[in-house]
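First comes the structure, then the notes that go with it.
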Amino acid sequence: GEVGNAVSKATYKLSARFQPTESVLLRASYGTGFKAPTMNNIADPVKNAGSSSFFPCPITNPTDYRFPYCRGAQEYGLLTKGNANKGATGLKAEESDQMAFGVRFEPMKSLTIGLDWWDVKLKNQIQSLSQDQIYTTPALADKYIQLYFDPIQGSKVIVAQLSPVNLATSHYQGIDWDSTYRTATPIGALSVNWSGTYMLKAEQDVPGVGLEKSVGRFDSSDNVVFKIISRMVFSLKSSDMISNSLTMNYRS
């Protein structure tokens with residue numbers, strides 16, 4: 153039978169550019185995006201994902217049917233499984249709105265510089281909740297902690313089911329730069345390219361957890377977004393057959 157939700161959507165992109173002088177270019181764009189859940193997101197079978205880190209038992213109500221299987225602070229089980237539900241509990245398609253404004257100019261013929269500010273807002277971003285989120289957030293524990301018959305132990309045990317869910321919103325914003333300098337040397341044509349991204353914002357609204365920021369810090373899913381990502385490439389072309397390059401990467 154059918155699993156998951158049927159999804160479809162039209163998307164568009166608008167862009168404009170203006171060149172007031174021969175050496176200056178202004179540009180802007182706005183668009184929408186759409187990404188359907190993958191087959192693995194929906195139909196991935198139940199898999200034993202091993203043991204969790206050490207956590208206190210997330211079930212604290214003595215009348216809960218899962219409470220008798222609590223063993224205090226210890227490693228509990230993990231299961232991964234696709235989200236094959238339909239309707240409100242099934243996966244929705246990811247949707248996005250993106251905009252960008254930029255400038256590119258050549259202060260001299262040997263030097264080109266570009267700067268672009270960009271902003272991306274994601275709705276219904278698909279992501280699996282982490283074990284930390286499930287085992288330490290009561291609302292999530294109540295929903296995703298279940299009992300599983302462990303064939304090795306020969307009994308039921310408490311496990312966390314890590315299934316894909318739609319995050320309410322995600323918001324990313326940053327500035328990209330790109331510059332290239334070219335010059336002739338006695339041993340060949342030298343070019344230096346310096347490009348990178350300066351992150352201004354990386355936020356996710358996680359169900360049951362709230363708004364999390366991950367620029368320069370780990371969030372509850374152990375994800376971190378570097379504030380600065382930079383790359384510099386030195387290239388020397390001595391002839392049509394000989395060229396050399398040196399690449400340096402920096403993250404902070």
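If you want our numbering, it's the 1-based position in the sequence shown plus 152. We put the beta carbon where it would ideally sit given N, CA and C, even for glycine.
Check                                                                                                                                                                           : Outcome
Quick check: what's the CA-CA separation for isoleucine 286 versus alanine 312?                                                                                                 : 7 angstroms
How far does the beta strand (DSSP E) with leucine 292 in it reach, from first residue to last?                                                                                 : Note, leucine 292: premise wrong, no beta strand (DSSP E); alpha helix (DSSP H) at 290-296.
Looking at the secondary structure, which residues open and close the beta strand (DSSP E) in which serine 381 lies?                                                            : One point to set straight first is that residue 381 is isoleucine, not serine, in the sequence displayed. 380-389 is the extent of the beta strand (DSSP E) around isoleucine 381.
If we ignore side chains and look at the alpha-carbon of each, how far apart do serine 280 and leucine 166 end up?                                                              : 33 angstroms
Which residues in the same chain have their Cβ closer than 6 angstroms to the Cβ of isoleucine 211, if we skip the five residues on either side of it in sequence?              : Arg218, Phe219, Cys222
Output needed for leucine 388: all residues of its chain with C-beta closer than 6 angstroms, excluding positions within five of it in sequence on either side, in chain order. : Gly340, Leu342, Asn396
Given glutamine 277, which residues of its chain have a CB within under 6 angstroms of its CB, disregarding the five upstream and five downstream residues?                     : Glu246, Leu319, Ser322
Out of Ala293, Lys199, Val385, which has the shortest C-alpha to C-alpha gap to valine 344?                                                                                     : Val385
Pull up the distance between the alpha-carbon of valine 376 and that of methionine 393, whole angstroms please.                                                                 : 42 angstroms
Would you identify the three-state DSSP class for asparagine 193, choosing helix, strand or coil?                                                                               : helix
Do you know how far the Cα of tyrosine 228 is from the Cα of aspartate 216?                                                                                                     : 17 angstroms
If you run the structure through DSSP and keep just helix, strand and coil, what is proline 259?                                                                                : strand
Is the segment 186-195 touching the segment 256-269, taking contact as three or more C-beta pairs under 8 angstroms?                                                            : no
Nearest by alpha-carbon distance to phenylalanine 206: which of Asp284, Gly239, Ala168 is it?                                                                                   : Asp284
Quick one: which unbroken alpha helix (DSSP H) runs of 4-plus residues sit fully inside the segment 279-343? Chain order, please.                                               : 283-288, 290-296
Cα separation between serine 181 and aspartate 271?                                                                                                                             : 11 angstroms
Which residue comes first and which comes last in the beta strand (DSSP E) that contains glycine 234?                                                                           : From DSSP, glycine 234 is part of no beta strand (DSSP E); its letter is neither H nor E.
Helix, strand or coil for proline 208 per DSSP?                                                                                                                                 : coil
Among all the DSSP beta bridges, which residues are the ones paired with arginine 369?                                                                                          : BP columns for arginine 369 are empty, so no partner.
From aspartate 196 to alanine 354, what distance separates their C-alpha atoms?                                                                                                 : 29 angstroms
With DSSP as the reference, label tyrosine 402 as helix, strand or coil.                                                                                                        : strand
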